[in-house]
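Enquirer:
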Amino acid sequence: MIKAVVGANWGDEGKGKITDMLAQEADIIVRFQGGANAGHTIVNDYGKFALHTLPSGVFYNHTTSIIGNGVALNIPVFFKEYQEIVDRGVPAPKIMISDRAQIVMPYHILFDQYEEERLGGKSFGSTKSGIAPFYSDKYAKIGFQVNELFHEDSLREKVQRVCETKNVLLEHLYHKPLLNPDEIMEELKKYREMVAPYVGDVSLYLWDAIKEGKEILLEGQLGSLKDPDHGIYPMVTSSSTLAAYGAIGAGVPPYEIKEIITVCKAYSSAVGAGAFVSEIFGEEADELRRRGGDGGEYGATTGRPRRMGWFDCVASKYGCRMQGTTDVAFTVLDVLGYLDEIPVCTGYEIDGKVTTDFPTTGLLEKAKPVLEVLPGWKSDIRGIKKYEDLPENCRKYVEFVEEHIGFPITMISNGPGRNDIIYRK
Ligand code: GDP
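Taking my numbering, the leading residue of the sequence shown gets 413, the next gets one more, and so forth.
Structure representation (structure tokens):
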């Protein structure tokens with residue numbers, strides 16, 4: 413049985429916490445897309461961790477953590493992170509890396525930086541982790557799969573060939589130092605040594621696991637609105653953030669994904685550029701940012717302050733629909749306890765007309781939020797375990813959101829810890 417944990421919005425919804433929590437019951441956790449560009453923050457008995465590449469299941473002894481073929485694998489970053497958690501007392505996790513996962517090359521990171529520099533003020537706000545150049549190369553068929561590391565002659569020939577085209581761009585477009593194929597080969601040999609003990613046929617492993625009745629979690633990165641097809645293109649990421657892509661990025665039959673748990677935050681935050689209709693500014697935003705998440709809304713990878721906004725029913729309804737949501741996990745609700753009144757965006761006004769359907773980018777840029785204001789509950793809801801024990805206005809907020817997004821909120825997260833969860837089924 414496979415469950416997917418994915419985001420409804422712009423990312424940072426608290427997927428790491430929900431995955432970590434669900435991993436208690438799981439056998440296998442798989443990352444199926446994205447790379448080290450975003451991160452999950454997880455708080456558990458070992459401490460507080462920011463994971464970028466490792467799946468959120470690495471804190472349990474009973475789970476196997478898998479890097480699927482859809483991931484942009486930065487091998488040195490992966491092993492640095494692995495070492496860091498082990499150094500902090502977490503038992504060495506069981507890891508498997510797909511032999512079909514592709515490798516983030518050192519030059520992908522350089523090209524990401526150079527392109528952002530070249531675009532100047534028109535940049536995408538990339539985290540400069542090499543993700544866009546990586547996926548461009550993957551689909552241009554000049555990427556490197558992990559298995560290619562083990563065929564040295566053909567690897568050398570391909571590195572040579574790829575460097576020739578990259579060097580034309582470096583010389584004439586970016587005016588930067590050229591790549592040296594011998595140096596890249598040396599680097600790749602180091603990568604080979606690092607990954608060798610962990611490489612395997614992931615889709616076969618998962619096929620067998622499904623037949624044995626194992627519980628598998630697919631862990632998504634970012635959220636629906638960053639999907640390259642269905643998100644706010646071009647201010648999106650370069651790999652699909654949707655649960656459906658889990659079938660491809662992990663190599664499992666789509667019909668085996670039985671539950672799609674879409675994580676939705678009780679207010680909005682976004683990083684990078686792009687339209688953000690319910691965005692707020694000034695002191696109002698600063699206060700929510702300071703109080704948000706667990707220690708403030710700042711990027712787990714970059715430390716950048718996140719853009720803040722009120723809950724957006726239009727974006728979340730769409731985000732949940734595109735994921736194929738079976739359950740909504742509504743997170744970080746505790747943070748809103750300080751507000752007297754809580755505005756919620758229930759519609760977009762575009763050219764004088766109000767809609768509740770999420771539009772394409774050009775129209776989105778013209779959209780103005782239609783806000784409804786709900787009364788706050790003015791209390792700390794951390795520690796509450798039963799839905800009925802939440803303050804009435806808090807329940808009203810949850811039910812208001814549920815009605816507007818049209819998907820069942822079956823879990824409410826009221827704190828960063830594993831046990832800060834209220835089930836509601
Ligand atoms: P992810 O990328 O979707 O996993 O999101 P983040 O790593 O940005 O998680 C959001 C932040 O919120 C992290 O610092 C979590 O520890 C924290 N967090 C998750 N759920 C809750 C919650 O219910 N309440 C509070 N206060 N913090 C939470």
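Heads up, the beta-carbon is just placed ideally off N, CA and C, and yes, glycines get one too.
Computed from a prediction, not measured in an experiment: that's the story for all the values here.
With a 10 Å radius around its C-beta and 16 neighbouring C-beta atoms as the bar for buried, classify residue 501 as buried or exposed.
Expert: Numbered from its first residue, the sequence shown carries residue 501 at position 89. When all chains shown are included, residue 501 counts as exposed.
Enquirer: Would residue 639 and residue 629 qualify as a contact pair, given that the criterion is a beta-carbon distance under 8 Å?
Expert: Stepping through the sequence shown from its first residue, residue 639 is reached at position 227. Stepping through the sequence shown from its first residue, residue 629 is reached at position 217. Contact flag unset, no.
Enquirer: Considering only the beta carbon of each residue, do residue 420 and residue 676 sit closer than 8 Å?
Expert: Position 8 of the sequence shown, counting from 1, holds the residue named residue 420. Position 264 of the sequence shown, counting from 1, holds the residue named residue 676. Against a cut-off of 8 Å, the Cβ pair of residue 676 and residue 420 comes out as a contact.
Enquirer: How big is the Cα-Cα spacing for residue 569 and residue 616?
Expert: The residue labelled residue 569 in the question sits at position 157 within the sequence shown. The residue labelled residue 616 in the question sits at position 204 within the sequence shown. So the two alpha carbons sit approximately 30 Å from each other.
Enquirer: How close, in whole Å, do the beta carbons of residue 656 and residue 736 come, if the pair is a contact with beta carbons under 8 Å?
Expert: Start at 1 with the first residue of the sequence shown, and residue 656 comes out as number 244. Start at 1 with the first residue of the sequence shown, and residue 736 comes out as number 324. Right, their Cβ atoms sit about 7 Å apart.
Enquirer: Within the region 591-622, note down every full beta strand (DSSP E) run reaching 3 residues or more, in order along the chain.
Expert: Complete beta strand (DSSP E) runs here, min 3: none at all.
Enquirer: Please determine whether the Cβ atom of residue 805 lies at a distance below 7 Å from any heavy atom of ligand 1.
Expert: Here the question's residue 805 lines up with position 393 in the sequence shown. Residue 805 Cβ: outside cutoff for every heavy atom of ligand 1.
Enquirer: When the Cβ atoms of the region 663-681 are set against those of the region 713-722, are three or more pairs found closer than 8 Å?
Expert: Yes, the region 663-681 is in contact with the region 713-722.
Enquirer: Using a Cβ-based criterion (distance less than 7 Å to any ligand heavy atom), does residue 825 qualify as near ligand 1?
Expert: Translated into the one-based positions of the sequence shown, residue 825 becomes position 413. Yes, since a heavy atom of ligand 1 falls inside the 7 Å radius drawn around the Cβ of residue 825.
Enquirer: Give me, in chain order, the residues of the same chain whose beta-carbon lies closer than 6 Å to that of residue 668; leave out the 5 immediate sequence neighbours on both sides.
Expert: Stepping through the sequence shown from its first residue, residue 668 is reached at position 256. Answer for residue 668: 414 and 622, listed in chain order.
Enquirer: List the endpoints of the continuous beta strand (DSSP E) containing residue 765.
Expert: On the sequence shown, residue 765 is found 353 positions in, with the first residue counted as 1. First-last of the beta strand (DSSP E) with residue 765: 765-767.
Enquirer: Should residue 467 be listed as close to ligand 1, given that the test is whether its C-beta is under 7 Å from any heavy atom?
Expert: One-based indexing of the sequence shown puts residue 467 at position 55. Checking every heavy atom of ligand 1 against the Cβ of residue 467, none is found closer than 7 Å.
Enquirer: Among 636, 492 and 563, which residue has its Cα nearest to the Cα of residue 604?
Expert: Taking the first residue of the sequence shown as position 1, residue 604 is located at position 192. Nearest option by C-alpha distance: 563.
Enquirer: In the DSSP assignment, find the unbroken beta strand (DSSP E) run with residue 452 in it and report its ends.
Expert: On the sequence shown, position 40 is the one that residue 452 refers to. Segment 452-456, the beta strand (DSSP E) holding residue 452.
Enquirer: For residue 630, which of helix, strand or coil comes out of DSSP?
Expert: Numbered from its first residue, the sequence shown carries residue 630 at position 218. In this structure, residue 630 counts as strand in the three-state DSSP scheme.
Enquirer: Considering only DSSP beta bridges, list what residue 485 is partnered with.
Expert: Locating residue 485 in the sequence shown gives position 73, counting from the first residue. DSSP lists 515 as partners of residue 485.
Enquirer: Exposed or buried, residue 743, counting other C-beta atoms within 10 Å across all chains shown (16 or more means buried)?
Expert: Residue 743 sits at position 331 when you count from the first residue of the sequence shown. Buried, by the Cβ-count rule.
Enquirer: In this structure, how does DSSP classify residue 460 when only helix, strand and coil are distinguished?
Expert: For the purposes of this step, residue 460 is taken as residue 48 along the sequence shown, with counting starting at 1. Note: residue 460 maps to strand in three-state DSSP.
Enquirer: Say the cut is 7 Å; is the CB of residue 674 nearer than that to a heavy atom of ligand 1?
Expert: Your numbering for residue 674 matches position 262 in the sequence shown. Result no, Cβ not under 7 Å from ligand 1.
Enquirer: Using 10 angstroms around the beta-carbon of residue 624, count the other beta-carbons present and answer buried if the total reaches 16, otherwise exposed.
Expert: In the sequence shown, the residue the question calls residue 624 occupies position 212. Exposed, since its Cβ has fewer than 16 Cβ neighbours within 10 Å.
Enquirer: Could you tell me the distance, in whole angstroms, from the CA atom of residue 609 to the CA atom of residue 439?
Expert: What you label residue 609 is simply residue 197 of the sequence shown in a count that begins at 1. What you label residue 439 is simply residue 27 of the sequence shown in a count that begins at 1. Rounded to whole angstroms, residue 609 to residue 439 spans 20 Å at the Cα level.
Enquirer: Could you round the C-beta distance between residue 396 and residue 803 to whole angstroms and report it? I think they count as a contact, below 8 Å.
Expert: For the chain, the structure presents residues 413 to 837; residue 396 sits outside this window and is missing.
Enquirer: Rounded to the nearest angstrom, what separates residue 493 and residue 464 at their Cα positions?
Expert: On the sequence shown, residue 493 is found 81 positions in, with the first residue counted as 1. On the sequence shown, residue 464 is found 52 positions in, with the first residue counted as 1. The straight-line gap from Cα to Cα measures roughly 8 Å.
Enquirer: Under 8 Å by Cβ, that's how I've got residue 547 and residue 650 pegged, so tell me the actual separation to the nearest angstrom.
Expert: Taking the sequence shown and counting its residues from 1, the one referred to as residue 547 is at position 135. Taking the sequence shown and counting its residues from 1, the one referred to as residue 650 is at position 238. At roughly 4 Å, the Cβ-Cβ gap stays under 8 Å, so residue 547 and residue 650 are in contact.
Enquirer: Between 805, 812 and 575, which has its C-alpha nearest residue 729's C-alpha?
Expert: Position 317 of the sequence shown holds residue 729. Of the candidates 805, 812 and 575, the one whose C-alpha sits nearest the C-alpha of residue 729 is 812.
Enquirer: Say whether the region 696-705 touches the region 765-772, bearing in mind that this needs 3 or more beta-carbon pairs closer than 8 Å, one atom from each stretch.
Expert: Judged by Cβ distances under 8 Å, the region 696-705 makes no contact with the region 765-772, as fewer than three pairs qualify.
Enquirer: In chain order, which beta strand (DSSP E) runs of at least 3 residues are fully inside the region 683-740?
Expert: Listed in chain order, the complete beta strand (DSSP E) runs (minimum 3 residues) inside the region 683-740 are 719-721.
Enquirer: According to DSSP, is residue 437 helix, strand or coil?
Expert: Position 25 of the sequence shown, counted from the first residue, corresponds to residue 437. Looking at residue 437 - three-state DSSP - the assignment turns out to be helix.
Enquirer: Just verifying my parser: in three-state terms, what is the DSSP assignment at residue 567?
Expert: Along the sequence shown, read from residue 1 onward, the residue named residue 567 stands at position 155. In this structure, residue 567 counts as helix in the three-state DSSP scheme.
Enquirer: Alpha helix (DSSP H) containing residue 810: first to last residue?
Expert: By one-based count along the sequence shown, residue 810 stands at place 398. It spans 804-817 - the alpha helix (DSSP H) in which residue 810 sits, taken as one unbroken run.
Enquirer: If you draw a straight line from the alpha carbon of residue 627 to that of residue 437, how long is it in whole angstroms?
Expert: On the sequence shown, residue 627 is found 215 positions in, with the first residue counted as 1. On the sequence shown, residue 437 is found 25 positions in, with the first residue counted as 1. One C-alpha to the other measures close to 8 Å.
Enquirer: Are the beta-carbon atoms belonging to residue 647 and residue 711 less than 8 Å from one another?
Expert: Stepping through the sequence shown from its first residue, residue 647 is reached at position 235. Stepping through the sequence shown from its first residue, residue 711 is reached at position 299. It is not a contact, given that the beta carbons lie outside the stated cut-off.
Enquirer: Return the residue from the list 529, 741, 776 and 473 that minimises the CA-CA distance to residue 637.
Expert: Here residue 637 is taken as the residue at index 225 of the sequence shown, counted from 1. For residue 637, the nearest C-alpha among the options comes from 776.
Enquirer: Among 488, 688, 509 and 613, which residue has its Cα nearest to the Cα of residue 644?
Expert: Within the sequence shown, numbered from 1, the residue matching residue 644 stands at position 232. For the residues 488, 688, 509 and 613, the minimum Cα distance to residue 644 belongs to 688.
Enquirer: Within 10 angstroms of the Cβ of residue 578, are there 16 or more other Cβ atoms? Answer buried if so, exposed if not.
Expert: The residue labelled residue 578 in the question sits at position 166 within the sequence shown. Residue 578 comes out buried.
Enquirer: Please report the straight-line C-alpha distance between residue 752 and residue 633, rounded to a whole angstrom.
Expert: If you number the sequence shown from 1, residue 752 lands on position 340. If you number the sequence shown from 1, residue 633 lands on position 221. Taking the straight line joining both Cα atoms gives about 33 Å.
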